[in-house]
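For the sequence shown, the positions run 58 to 393 when my numbering is used. Down below is the structure, laid out as structure tokens.
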Amino acid sequence: MYRLQINPEEKTPKYKQIVSSVIHDIGKGILKRGDHLPSINYVSEEYYLGRDTVEKAYRELKELGYISSVAGKGFYVEGAPANKIRVLLVMNKLSSYKKIVYYSFLKALGDKATVDLHIHHYNAALFREIIEKNLGKYHYYVVIPHFYENIDKVDIRQTLEQIPRDELILLDKDLPEVKGEIISVYQDFERDIYQALETGQDLLKKYERVVLVFPSDGNYPQEIARGFKLYCIHYQKKFAIIENAMDEKITSSTAYIVIEETDLAEIIKKIRQTPYEVGKEVGLVSFNDATLKELLSITVITTDFETMGRTAAALLLDKKKLRIKTPFSMIRRQSL
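Printed below as a string of structure tokens:
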């Protein structure tokens, strides 16, 4: 007799555990097309569950296409719908760079999977709602775990722990506190900016001061600021971290590192009002590459977002539980 994987101590609703168990075992080949599932009465008695709970689970499995029913005979396995892997992708936002990750992920999966996209907008409560509503409905849950800095990290971890480890994929940011073997394709924000600036030290050494324009309302990882500080301290640079470029007075022998494109435009406008030349008296480095930055010959430090999405898809398809850091580098142009 087929055994459902139900843990009475888990906070996940029991009907969702039934759904998750059946979908998981169909995906693993434990349950095959035509297999007879235990009756509602059997499951109710064997696992000490109410009939309504079991009926709700079987009804959801039918709606998803995983099982069918025959009057008077019971429930039978249909298999995974269209034999495709079902993936839930939960992003923090859909910026131009996250779109690169998204589309490279889709392209690498090809016709082997269907991907549903949700945005949590850095909101832990919304993230929990998305996950709990969809537990058991997907083979994989791909999560970009960026949230407000003052968020309760325990709450985030508890939400993630509801997802079976072999179904969880972390993207863009690794969480060492999430134990166990999982797929994680991430940036190491502190080390990335430090090492990228270090590779450009031959260009940066002519500047006495380095300024990071780091918006406090942009939900950017604080590790970026820490890595920047470490670089400046190690190479004995005067430095400052400012929230925006509006009140900045451009001074000679200063290099600016800018995250947001609005601040980049403001800095460029201010430089043009001075006698200084970009790349000589004033340096300019922007986060993440774009066609316009290439045309303006702006030096960038950037993650390979396309590789990030492609790598996550490859590990998913190959079922390899690895934590892989995405390449991060400086692209040298005339602005530095």
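From the three backbone atoms N, C-alpha and C, an ideal C-beta is built for every residue, glycine too. Given the structure is predicted, the values throughout are model-derived calculations rather than measurements.
Check	Outcome
Val-172 to Val-144 span [Cα, whole Å]	5 Å
Inside the segment 130 to 204 only - alpha helix (DSSP H) runs reaching at least 4 residues	153 to 166 and 181 to 191
Under the three-state DSSP convention, the category Ala-282 falls into	helix
Which of helix, strand or coil DSSP assigns to Gly-257	coil
Ordered list of alpha helix (DSSP H) runs contained in the segment 77 to 134, each at least 4 residues	97 to 103 and 108 to 121
Range covered by the beta strand (DSSP E) that runs through Ile-299	295 to 299
Cα-Cα separation, Val-315 to Gln-219	38 Å
Alpha carbon of Lys-482 to alpha carbon of Ile-187, nearest angstrom	Residue 482 falls outside the range modelled here, since the chain spans only 58 to 393, and no answer is possible.
Length of the line joining the Cα atoms of Tyr-115 and Ile-239	29 Å
Strand pairing of Asp-229, partner residues [DSSP]	Tyr-243
Ile-63 and Leu-118 closer than 9 Å at C-beta	no
N-terminal and C-terminal residue of the beta strand (DSSP E) that Met-365 is part of	Element bounds for Met-365: not the beta strand (DSSP E) but the alpha helix (DSSP H), 362 to 375.
Nearest-angstrom Cα separation, counted from Gly-129 out to His-178	47 Å
Boundaries of the alpha helix (DSSP H) in which Leu-353 is found, first to last residue	Element bounds for Leu-353: n/a, residue is neither H nor E.
Same chain, Cβ closer than 8 Å to Thr-368, five either side skipped, listed in chain order	Val-242, Ile-381 and Thr-383
Through-space distance from Asn-345 to Ile-325, alpha-carbon basis	17 Å
Strand pairing of Val-267, partner residues [DSSP]	Phe-296 and Ala-312
Span of the alpha helix (DSSP H) around Leu-23	This structure cannot speak to residue 23, because the chain is shown only from 58 to 393.
Leu-261 beta carbon less than 9 Å from that of Leu-269	no
Three-way DSSP call (helix, strand, coil) for Ile-381 in this model	strand
Integer-rounded CB distance, given that Lys-73 should sit under 8 Å from Leu-394	One cannot answer for residue 394 here, as it falls past the ends of the chain, which runs 58 to 393.
Cα-Cα separation between Arg-185 and Leu-146, rounded to whole angstroms	14 Å
Cβ pair count under 8 Å reaching 3, the segment 94 to 101 against the segment 151 to 163	no
Segment limits, beta strand (DSSP E) that includes Leu-341	339 to 344
Residues near Leu-94 by beta carbon distance below 6 Å, same chain, minus five either side	Phe-132
Alpha-carbon to alpha-carbon, Lys-377 and Ile-388	31 Å
Exposed unless 16 or more other CB atoms sit within 10 angstroms - verdict on His-196	buried
Span separating the alpha-carbon of Ile-226 from that of Asp-274	27 Å
Residue burial classification, Val-127 (beta-carbon count within 10 angstroms, cutoff 16)	exposed
Supposed contact pair Ile-97 and Tyr-123 - C-beta distance, whole angstroms, cut 8 Å	With a Cβ gap of about 16 Å, Tyr-123 and Ile-97 do not count as contacting.
Alpha-carbon to alpha-carbon, Gly-136 and Ser-392	57 Å
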